[in-house]
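Peer 1: Quick note: the sequence shown uses the UniProt record's numbering, first residue 1, plus one each step.
Here a beta-carbon is modelled for each residue, glycine too, at the ideal position from N, C-alpha and C.
Only a predicted model underlies this, so the values are computations on that prediction, with no experimental measurement involved.
Can you read through this structure? Questions will come right after.
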Amino acid sequence: MIYYPYKSDKPNKKFFIITSSGKKVYFGQAGYEDYTTIHKDPKRKELYIKRHSKMGENWERSGIDTAGFWSRWLLWNLPTLQASYNDIKKRFL
């Protein structure tokens, strides 16, 4: 299965992926900054990871069909979306 993030068709979300079962999984709150946007602040990234690590999100390969996985690895991983997506492909796909 090839996963690819698409621009969201919902105004309150940034992106979606399509799972192997054909379900759309939306992620990224529209209007909010993330690590790939203008600030690229390592401290904010660290705080996001710390905060969300306590929420039971599955950031392992088995969580690839979840919004938490894609928020963590696409929006809060590396400074650009392309670099983060390439890292996801290398690690998980």
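#1: On a Cα-Cα basis, can you pick out the residue from Asn86, Lys89, Met1 and Arg44 that is closest to Gly22?
#2: Per DSSP, Ile17 forms a beta bridge with which residues?
#3: Which residues in the same chain as Pro11 place their Cβ atom closer than 7 Å to its Cβ, once the five residues preceding and following it in sequence are excluded?
#4: Which class does Gly40 belong to by DSSP, given the choice of helix, strand or coil?
#5: Return the bridge partner residues of Tyr6 from the DSSP annotation.
#6: So, do the segment 81 to 88 and the segment 39 to 54 have three or more beta carbon pairs nearer to each other than 8 Å?
#7: Do you know how far the Cα of Pro79 is from the Cα of Ile49?
Peer 2: On the basis of the supplied data:
#1: Looking at the Cα atoms, Met1 is the closest of the given residues.
#2: According to DSSP, Ile17 bridges with Val25.
#3: Result list for Pro11: Ala30, in chain order.
#4: According to the sequence as given, residue 40 is Lys; it is not Gly. If DSSP states are grouped into helix, strand and coil, Lys40 belongs with coil.
#5: The partner list for Tyr6 (beta bridge, DSSP) reads Phe16.
#6: Fewer than three pairs of CB atoms, one per stretch, sit closer than 8 Å, so the segment 81 to 88 makes no contact with the segment 39 to 54.
#7: Computed Cα separation, rounded: 15 Å.
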